[in-house]
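In the numbering used here, the protein residues as written are 11 to 174.
Structure first, then comments.
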């Protein structure tokens, strides 16, 4: 029953913590698009793919004491940092084995900025289109972010790296 919760704990533990709610949303979405069996449903929102289910599960995991959520005041905004508690480390053993075949994947994602992950997740959201159409759609839905051709090429290369 709590298998999906354990997958989230496992992912955050493998990533050695995640700073930012948006970043966590994008990381899980990207993993889902790489055929990692996360079950959360995503819809397109202001910051790209977003899952209310993931938000609810993270809150539940914090309430159960498996995740800790630390708030960091950045002046004009608050940033959240998620880490796995000792109880969470025990809880993740429910899975038997890690949800990720390669733990470096979580580290690679965690090393990227929220902006880059938003770009990557948005491109993946439109992966039913050809590359040119994906880029056109990106500029329509994310025009204010002014992604450069270089950033877009880097995101496509990153997607290929994750798939290989």
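Glycine included, C-beta positions come from ideal geometry on N, C-alpha and C.
Just so you know, these numbers come straight off a predicted model, no measurement behind them.
- With respect to the 8 Å criterion, residue 93 and residue 27 are classified as neighbours on the basis of their beta carbons.
- Check the Cα spacing between residue 40 and each of 110, 145, 161, 146: the tightest is with 110.
- Taking 8 Å as the cut-off, the beta carbon of residue 76 is found closer than this to the beta carbon of residue 101.
- Beta-bridge annotation (DSSP): residue 83 is paired with 88.
- For the pair residue 116 and residue 25, the CB atoms are nearer than the 8 Å cut-off.
- Minimum Cα-Cα distance from residue 134 among the listed residues 20, 60, 21 corresponds to 60.
- Taking every protein chain shown into account, the CB of residue 68 has 16 or more other CB atoms within 10 angstroms, so this residue is buried.
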